[in-house]
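Numbering (the working numbering), first residue to last: 103 to 403.
Now the structure itself:
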């Protein structure tokens with residue numbers, strides 16, 4: 103039961119005797135920091151955006167997480183696209199035997215749910231050689247801290263994501279290569295172009311026209327790939343220079359998740375909402391610029 107004293111502007115819990123006074127965020131707060139679920143609306147304006155960029159508990163980690171998010175998205179798209187393209191080009195050669203079998207084997211990682219694959223890799227990358235099969239087999243029992251060292255954790259994320267995403271680009275590039283007109287390559291051969299020149303000047307530009315929208319979509323997906331980060335590292339290892347529960351492998355979307363308090367701890371829905379708007383503006387702006395460049399490529403071709 104709560105007792106409201108309008109003269110003292112205090113809300114008191116009659117069972118525990120704890121007194122709650124108003125704070126500047128529209129909540130009744132006790133001395134121990136606990137708040138009541140009842141409150142009122144307060145106009146905060148751009149306060150949450152200011153907090154994200156000026157509060158040392160969030161501004162420092164925000165810059166690091168933003169840089170890692172961009173690096174993760176770009177490196178993921180480039181590595182998976184190049185690997186898928188190379189494999190598609192290799193298995194497009196009719197001289198290779200068992201092409202269907204090889205393609206099926208390479209597509210299998212794409213057939214498993216991403217969260218299950220991430221959990222499986224988390225177990226295989228366990229730093230304890232008795233549990234982590236990667237350390238046990240490939241590093242002869244050496245204790246490699248794949249998920250607790252900041253740089254190795256990022257490398258592990260990129261490697262696991264490459265394993266999960268290259269089958270998609272293998273399928274896309276295989277279909278795109280098979281749909282390209284053969285007379286174009288024949289004309290290039292008659293003009294004296296070699297295989298490398300034909301690929302660089304003819305096939306790759308034609309391929310990019312059909313795959314560019316998918317590359318943009320893949321970038322947006324990687325930019326917000328919550329499942330992989332949360333299941334593989336949980337955002338860790340944690341930063342040691344801030345009280346916020348954030349880590350070296352957090353990307354912006356997992357940062358929002360941690361700040362929102364869904365996983366426990368102090369919840370700041372206003373700050374989480376402000377960061378969500380920032381993510382939308384970044385992804386939307388990059389997508390708009392990328393689509394504009396794609397239209398220029400189509401005009402040139």
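Note that beta-carbon positions come from the ideal geometry of N, C-alpha and C, so glycine has one too. Here the structure is a predicted model, which is why all the values come from computation and not from measurement.
Under 8 Å, do residue 383 and residue 153 count as touching if we go by C-beta distance? Counting from one through the chain shown, the residue named residue 383 turns up at place 281. Counting from one through the chain shown, the residue named residue 153 turns up at place 51. Going by C-beta atoms, residue 383 is not nearer than 8 Å to residue 153.
Can you tell me whether residue 170 is helix, strand or coil according to DSSP? Locating residue 170 in the chain shown gives position 68, where the first residue counts as 1. Note: residue 170 maps to helix in three-state DSSP.
Taking all protein chains shown into account, decide if residue 148 is buried (16 or more other Cβ within 10 angstroms of its Cβ) or exposed. Within the chain shown, residue 148 is the residue found at index 46, counting from 1. Classification of residue 148: exposed, given that the 10 Å Cβ count is below 16.
Terminal residues of the alpha helix (DSSP H) in which residue 148 lies: Locating residue 148 in the chain shown gives position 46, counting from the first residue. Unbroken run through residue 148: none, as it is neither H nor E.
Quick one: using the 10 Å Cβ neighbour count with 16 as the cut-off for buried, is residue 160 buried or exposed? Here residue 160 corresponds to residue number 58 of the chain shown, with the count starting at 1. By the neighbour-count definition (other C-beta atoms within 10 Å, threshold 16), residue 160 is a buried residue.
Pick helix, strand or coil for residue 290, following the three-state DSSP scheme. Position 188 of the chain shown, counted from the first residue, corresponds to residue 290. Residue 290: helix per DSSP, three-state reduction.
Using a Cβ distance threshold of 8 Å, determine whether the segment 201-220 contacts the segment 321-331, with at least three qualifying pairs required. yes
With C-beta atoms as the reference, is residue 185 less than 8 Å away from residue 279? Residue numbering aside, residue 185 sits at position 83 when the chain shown is read from its first letter. Residue numbering aside, residue 279 sits at position 177 when the chain shown is read from its first letter. No, these two residues do not count as a Cβ contact at 8 Å.
Could you check what DSSP says for residue 348 in three-state terms: helix, strand or coil? Locating residue 348 in the chain shown gives position 246, counting from the first residue. Note: residue 348 maps to coil in three-state DSSP.
Alpha carbon of residue 357 to alpha carbon of residue 282, nearest angstrom: Counted from its first residue, the chain shown places residue 357 at position 255. Counted from its first residue, the chain shown places residue 282 at position 180. Whole-angstrom Cα-Cα distance: 42 Å.
Can you name the start and end residues of the beta strand (DSSP E) that residue 122 belongs to? Taking the chain shown and counting its residues from 1, the one referred to as residue 122 is at position 20. From DSSP, the beta strand (DSSP E) with residue 122 extends over 121-124.
Which of the three DSSP states is assigned to residue 283 in this structure? Residue mapping note: residue 283 aligns to position 181 of the chain shown, counting from 1. Three-state result, residue 283: coil.
Bridge partners - residue 104, DSSP secondary structure assignment: In the chain shown, the residue the question calls residue 104 occupies position 2. Here residue 104 is bridged, per DSSP, to 115.
Taking DSSP's pairing of strands, which residues face residue 130 in a bridge? Numbered from its first residue, the chain shown carries residue 130 at position 28. According to DSSP, which records beta bridges pairwise, residue 130 is partnered with 124.
Could you please give me the residues that DSSP links to residue 137 through a beta bridge? Along the chain shown, one-based indexing puts residue 137 at 35. The partner list for residue 137 (beta bridge, DSSP) reads 131.
Rounded to the nearest angstrom, what separates residue 402 and residue 173 at their Cα positions? Start at 1 with the first residue of the chain shown, and residue 402 comes out as number 300. Start at 1 with the first residue of the chain shown, and residue 173 comes out as number 71. Below a pLDDT of 50, predicted positions are generally treated as unreliable, and residue 402, at 49, falls in that range; the measurement from the model is reported next regardless. Their backbone Cα atoms lie some 29 Å apart in a straight line.
Excluding the five sequence neighbours on either side, which residues of its own chain have a C-beta within less than 7 Å of the C-beta of residue 267, listed in chain order? Here residue 267 refers to the residue found at position 165 when the chain shown is read from its first residue. 178, 182.
Taking all protein chains shown into account, do 16 or more other C-beta atoms lie within 10 angstroms of the C-beta of residue 192, making it buried, or fewer, making it exposed? Residue 192 sits at position 90 when you count from the first residue of the chain shown. By the neighbour-count rule (16 or more Cβ atoms within 10 Å), residue 192 is not buried but exposed.
Check residue 391 in the structure and name its three-state DSSP category. Position 289 of the chain shown holds residue 391. Of the three classes helix, strand and coil, the one that applies to residue 391 here is helix, per DSSP.
Grab me the residues of residue 157's own chain with a C-beta within less than 7 Å of its C-beta, minus the 5 sequence neighbours each way, in chain order. As a working note, residue 157 is residue 55 in the chain shown. Counting only Cβ-Cβ distances below 7 Å, and skipping sequence neighbours, we find nothing.
According to DSSP, is residue 201 helix, strand or coil? Residue mapping note: residue 201 aligns to position 99 of the chain shown, counting from 1. In this structure, residue 201 counts as helix in the three-state DSSP scheme.
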